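Straight run, no breaks: the sequence shown in this note's numbering ends on number 347.
Don't be surprised by glycine CBs; every beta carbon is placed ideally from N, CA and C.
Predicted model, so just to flag it, every value in this text is computed and none were measured.
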Amino acid sequence: MIEGLLNPWIRNLVPYSSARSEFSGSAEIFLDANESWEGESPDINRYPDPFCRTLRKEIESVMGFRSDMTAIGNGSDEIIDLLIRMFACPGKDCIMVERPTYGTYSVFASISGVDVIDVPLTASLDLDIDAMLMAIRNSKPKIVFICSPNNPTGRVYPLSSIRKIADANPGITVVDEAYADFADGFQSAVSAIEDNPRLVVLRTLSKAFGAAGARLGILISCPEIQKVFMKAKPPYNVPLPSQQAGLNAVRNIEHVRRRVAETRKRRKDLSSFLSSLPYTIEVFPSEANFVLFRVPDAEALYGYLLGKGIVVRNRSSEPMLENTIRITIGSEDEMTKLKEALCEWSC
Ligand code: PMP
């Protein structure tokens, strides 16, 4: 069923067989991978596990995602890139994204010579289901990307809407849940994969798990797609220190829970603070670790904050988001300094 959706050269791919994929058991002496016999720190002279088995097992036991349904990418960005290369034919196929959303879906498609169909969100920044269904019928995208909670709006889309689109879409639907851990009562699309094997979910350890520097994205899919992904990815795509950092992050789930609770509290606090500012036009409700708000002159406010040593994101170039600024939730101290600076600003 999935096979027919793959690019033919991926369907017939004979994967590279690395030393560590050919033999991964225990042995006394490893002389098979042309590694150095010595390194500058323990184990760094050795290639890492190509399949991140220990990390995936830990993810299964802590996060509940079955290990035959997961694969680890060098950030979810690598997974997005690879999924496009697995399913969409350069110069022929297209992908579909809601707009505004996270930018790499479109950029990776463009790098691969794959067209992008943008479907604008509704005025209330929700998915325009009818427009998406029509675009699916008319343009037959190979992949539909949906980001929930959406970056940069912070909006969660109901699982029923996502299911409606994924079930009507004969191609692959990718739901990027990078910010899921920050959302209240979040209903993940992972539960829907069983009924719809064309559904793929992305998670990352870059946000709530605090490991952005390690570059660890998680693909969650039916075992058939997972197996093809394992064949198509670079042999040693996740470095050893990153696998170790990922294990540490997942094992310390109590730290994650504490950070998420603090982040949510500060998000609520920042949202009401921003609403109380005389120059704020609109604060967008957020289920992620950032808050988007509208001011009369976003460029001027951005420049002013930069002058105070505070870097935020000006999102004004996105359709429907004229004069908006996105602020990531930081530490208590960082939030206090930000609020002081915002108090001093007047238009
Ligand atoms: N998805 C979304 C929605 C994001 O906002 C980001 C990064 N800002 C990513 C994926 C990338 O995640 P990673 O660090 O795992 O590549």
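Can Asp77 be considered in contact with the ligand PMP, in the sense that its beta carbon sits closer than 7 Å to one or more heavy atoms? Yes, the Cβ of Asp77 comes within 7 Å of a heavy atom of the ligand PMP.
Please report the Cβ distance between Met86 and Ile117, rounded to the nearest whole angstrom; I am assuming they are in contact, meaning their Cβ atoms lie under 8 Å. Taking the Cβ atoms as the reference, Met86 lies roughly 19 Å from Ile117, outside the contact range of under 8 Å.
Please name the residue, chosen from Asp269, Gly103, Tyr279, that lies closest to Gly330 on a Cα-to-Cα basis. Among Asp269, Gly103, Tyr279, the Cα nearest to that of Gly330 is on Asp269.
Per-residue burial, Gly292 [other beta carbons within 10 Å of its own, 16 or more giving buried]: One point to set straight first is that residue 292 is Leu, not Gly, in the sequence displayed. With 16 or more Cβ atoms within 10 Å of its Cβ, Leu292 is classed as buried.
Note down the Cα distance separating Phe65 from Arg267, rounded to an integer number of angstroms. So the two alpha carbons sit approximately 28 Å from each other.
Could you tell me which uninterrupted alpha helix (DSSP H) segments, each at least 4 residues in length, are contained entirely in the stretch 132 to 192, listed from first to last along the chain? Counting only unbroken stretches of 4 or more residues, the alpha helix (DSSP H) elements lying wholly within the stretch 132 to 192 are 159 to 168, in sequence order.
CB-CB length for Thr263 against Phe186, believed under 8 Å: Between the beta-carbon of Thr263 and that of Phe186 there is about 14 Å, and that puts the pair past the 8 Å contact cut.
Tell me whether the beta-carbon of Asn296 lies closer than 8 Å to the beta-carbon of Asn323. It is Pro, not Asn, that sits at residue 296 in the sequence shown. The Cβ-Cβ distance between Pro296 and Asn323 falls below 8 Å.
According to DSSP, simplified to helix, strand and coil, what is Gly73? Strand, per DSSP.
Per-residue DSSP class, three states only, for Pro8: Three-state result, Pro8: helix.
Give the DSSP-derived three-state secondary structure of Thr101 in the structure shown. Note: Thr101 maps to coil in three-state DSSP.
Measure the Cβ-Cβ separation of Val62 and Val250 and say whether it is below 8 Å. Yes. Within cutoff.
Taking the alpha carbon of Ala341 as the reference point, which residue from Arg294, Pro152, Ser161, Leu277 has its own alpha carbon closest? Comparing alpha carbon positions, the residue from Arg294, Pro152, Ser161, Leu277 closest to Ala341 is Leu277.
Taking the alpha-carbon of Gly213 as reference, which of Ala192, Asn196, Gly246, Glu194 has the nearest alpha-carbon? Comparing C-alpha distances from Gly213 to each of Ala192, Asn196, Gly246, Glu194 shows the shortest one belongs to Gly246.
Going along the chain, which residues of its own chain have a beta-carbon closer than 7 Å to the beta-carbon of Tyr105, five neighbours each way excluded? Counting only Cβ-Cβ distances below 7 Å, and skipping sequence neighbours, we find Ile80, Ile95, Val97, Phe145.
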